[in-house]
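A.B. asks: The opening residue of the sequence shown carries number 21 in the numbering used here; numbering runs sequentially from there. Heads up, the beta-carbon is just placed ideally off N, CA and C, and yes, glycines get one too. Since the model is a prediction, treat every value here as computed from it, not as a measurement. Could you have a look at this structure, given as structure tokens, before my questions?
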Amino acid sequence: MTTPFWCLLVAVLLPYVWAGVGVYYKKQQFGTIDANHPRTQSAALNEAGARANAAQLNSWEALPVFGAAVTVAHLAGADAALSATASLVFVASRMLHGLFYISNRAPLRSLSFTVAFGACLWLFGLAARA
């Protein structure tokens, strides 16, 4: 499996990481996990818990863009080394995005979002040049 495909796997797992962080905050805030109404409980989270839930949702939103970019670059025969670099930049930026989101560092969160989106555009650009 290529580096971009491994990165895609990491990107698929990342929302679950932030969901796990959200579970920690649910237990902290509510004392228990409401398995019958988990979305209602997530919506009631505050502070870092609410931001963990938002990081999870944002990770789901970024996933299709990255998945499409990796797929298009692969199918177009884009430069493998540059595709790997762009994919690693995406994953690192998205990991930082979640950490910055939860720790309430909005300017850094926005920067990491922009870098990750730029990595997706880079992959599309590599495909266009292939």
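Alpha helix (DSSP H) containing Ser103: first to last residue?
C.D. replies: Looking up residue 103 in the sequence shown gives position 83. Taken as a continuous stretch (DSSP letters only), the alpha helix (DSSP H) holding Ser103 covers Ala100 to Ile122.
A.B. asks: Can you give me the Cβ contacts of Gly42 inside the same chain, cut-off strictly under 8 angstroms, excluding the 5 residues immediately before and after it?
C.D. replies: As a position in the sequence shown, residue 42 is number 22, starting the count at 1. So the list reads Ser62, Leu65, Gly69, Ala72, Asn73 and Gln76, once near-sequence residues are dropped.
A.B. asks: Alpha carbon to alpha carbon, what distance is there between Thr91 and Phe133?
C.D. replies: Locating residue 133 in the sequence shown gives position 113, where the first residue counts as 1. Locating residue 91 in the sequence shown gives position 71, where the first residue counts as 1. Roughly 20 angstroms separates the two Cα atoms.
A.B. asks: Since I believe Arg129 is in contact with Phe137 (beta carbons under 8 angstroms), could you give me their beta-carbon distance rounded to a whole number of angstroms?
C.D. replies: Taking the sequence shown and counting its residues from 1, one reaches residue 137 at position 117. Taking the sequence shown and counting its residues from 1, one reaches residue 129 at position 109. Actually they are not in contact, since the Cβ atoms of Phe137 and Arg129 sit about 13 angstroms apart, beyond 8 angstroms.
A.B. asks: Can you say whether Leu29 is buried or exposed, counting buried as having 16 or more other CB atoms within 10 angstroms of its CB?
C.D. replies: Counting from one through the sequence shown, the residue named residue 29 turns up at place 9. That one is exposed.
A.B. asks: If you drop the 5 nearest sequence neighbours on each side, which residues of the same chain put their C-beta closer than 7 angstroms to that of Ser79?
C.D. replies: Walking along the sequence shown from the start, residue 79 turns up at place 59. Result list for Ser79: Leu34, Pro35, Trp38, Arg114 and Gly118, in chain order.
A.B. asks: Just how far apart, CA to CA, sit Lys140 and Phe110?
C.D. replies: Within the sequence shown, the letter at position 120 stands for residue 140. Within the sequence shown, the letter at position 90 stands for residue 110. Here residue 140 turns out to be Cys, not Lys, going by the sequence shown. Cα-Cα distance, rounded: 7 angstroms.
A.B. asks: Distance check for Gly51 and Ser123, CA to CA, integer angstroms please.
C.D. replies: Against the sequence shown, residue 123 aligns to sequence position 103. Against the sequence shown, residue 51 aligns to sequence position 31. Rounded to whole angstroms, Ser123 to Gly51 spans 21 angstroms at the Cα level.
A.B. asks: Measuring only the C-alpha atoms, how far is Ala126 from Ala98?
C.D. replies: Along the sequence shown, read from residue 1 onward, the residue named residue 126 stands at position 106. Along the sequence shown, read from residue 1 onward, the residue named residue 98 stands at position 78. Their backbone Cα atoms lie some 34 angstroms apart in a straight line.
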